[in-house]
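J.:
Encoded structure:
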């Protein structure tokens, strides 16, 4: 996937980017010079989030359908710019990943000091997911977040945060692309602050949907302002003619308007002596 095009952008997408920006992602792939890499972690998370009737679940189902369509051989309307993680792209085992760690995040660095995901059910019930994770090595176990459900001691803002264990799968895939392959300038697109902080601690550049869209527009010499300027409407090949208003619709400023004062009515005034300062 090496590229000689300096304007081509290479993005790794996690599940939060899909469920919160599937419309943006479709436009990136369809209209711009963007290559997308989807880790198996992302597919696994989408497969879990899709269960439900919330808007995020709806977007997760739409994302899965789009990924299936975009990576199929008969999808000719979009160039092959979407790649799913293969068995040789899962990244090194976790102990080897630790040498790429550049920072140990503290609890106070996270928004509202929240360091765990909303749900840890993914880590506790692996059999309920259809995504094949056979190529994952066994050095990561889904033991769950040890701090989940436990009261946190006070004044822990300066303590080191504990990383959600399942996030290691995503970091491994990103390390493979960013630090080991090093063929292109890969960046992770995520809308989750916990994911972003931990990935950046391993030297992985992270972007939000809006930041990624800004970079895409900038690479193409576009801006949000001139991208959505509507085209002039034509009728039968010609522009619309602008005809002057008819005489009846114009304001006749040369005529004096007379007011009928005898027809005016006033509100009644109460009786009494008028107050003076």
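Residue numbers (our numbering): 210 to 486. All C-beta atoms in this analysis are idealised placements derived from N, C-alpha and C, irrespective of residue type, glycine included.
Look up residue 246 in the DSSP assignment and say whether it is helix, strand or coil.
T.: Position 37 of the chain shown, counted from the start, is the residue given in the question as residue 246. Here residue 246 sits in strand by DSSP.
J.: Checking the sheet assignment: what are the DSSP bridge partners for residue 222?
T.: Sequence index remark: in the chain shown, residue 222 carries index 13 (1-based). Note: residue 222 sits in a beta bridge opposite 398.
J.: For residue 396 and residue 265, what's the separation of their Cα atoms in angstroms?
T.: Position 187 of the chain shown, counting from 1, holds the residue named residue 396. Position 56 of the chain shown, counting from 1, holds the residue named residue 265. Straight across, the Cα-Cα distance linking residue 396 with residue 265 is about 23 Å.
J.: Spell out a yes or no on whether the segment 286-303 and the segment 235-248 are touching, meaning 3 or more CB-CB pairs, one atom from each, closer than 8 Å.
T.: yes
J.: Report the option in 303, 466, 263 and 367 whose CA atom is closest to the CA atom of residue 313.
T.: The residue labelled residue 313 in the question sits at position 104 within the chain shown. Residue 367 is the option with its Cα nearest to residue 313.
J.: Considering Cα atoms alone, identify which of 234, 259 and 229 is closest to residue 422.
T.: Translated into the one-based positions of the chain shown, residue 422 becomes position 213. It is 234 whose Cα lies nearest to the Cα of residue 422.
J.: Would DSSP call residue 426 helix, strand or coil?
T.: For the purposes of this step, residue 426 is taken as the residue at position 217 of the chain shown. Reduced to three states, the DSSP call for residue 426 is helix.
J.: How would you call residue 308, buried or exposed, if buried means at least 16 neighbouring beta carbons within 10 angstroms?
T.: As a working note, residue 308 is residue 99 in the chain shown. By the 10 Å Cβ count, residue 308 comes out exposed.
J.: Which residue comes first and which comes last in the beta strand (DSSP E) that contains residue 293?
T.: Position 84 of the chain shown, counting from 1, holds the residue named residue 293. The continuous beta strand (DSSP E) containing residue 293 extends over residues 291-293.
J.: Hey, residue 238 and residue 255 are a contact pair by Cβ (cut 8 Å); roughly how many whole angstroms apart?
T.: Numbered from 1 along the chain shown, position 29 holds the residue referred to as residue 238. Numbered from 1 along the chain shown, position 46 holds the residue referred to as residue 255. 16 Å between Cβ atoms; not a contact.
J.: Keeping to the same chain, check which residues put their C-beta closer than 6 Å to that of residue 343; ignore five residues upstream and five downstream.
T.: By one-based count along the chain shown, residue 343 stands at place 134. Summary for residue 343: the model assigns pLDDT 44, below 50, so the residue's position carries little reliability, and this model does not support an answer.
J.: By DSSP, does residue 482 sit in helix, in strand, or in coil?
T.: On the chain shown, residue 482 is found 273 positions in, with the first residue counted as 1. Looking at residue 482 - three-state DSSP - the assignment turns out to be coil, as it is neither helix nor strand.
J.: How would you write the range of the alpha helix (DSSP H) that residue 305 sits in, first residue to last?
T.: One-based indexing of the chain shown puts residue 305 at position 96. Residue 305 -> alpha helix (DSSP H) spans 303-306.
J.: Considering Cα atoms alone, identify which of 327, 413, 259 and 426 is closest to residue 236.
T.: Counting from 1 along the chain shown, the entry for residue 236 is found at position 27. Checking every option, the nearest Cα to that of residue 236 belongs to 426.
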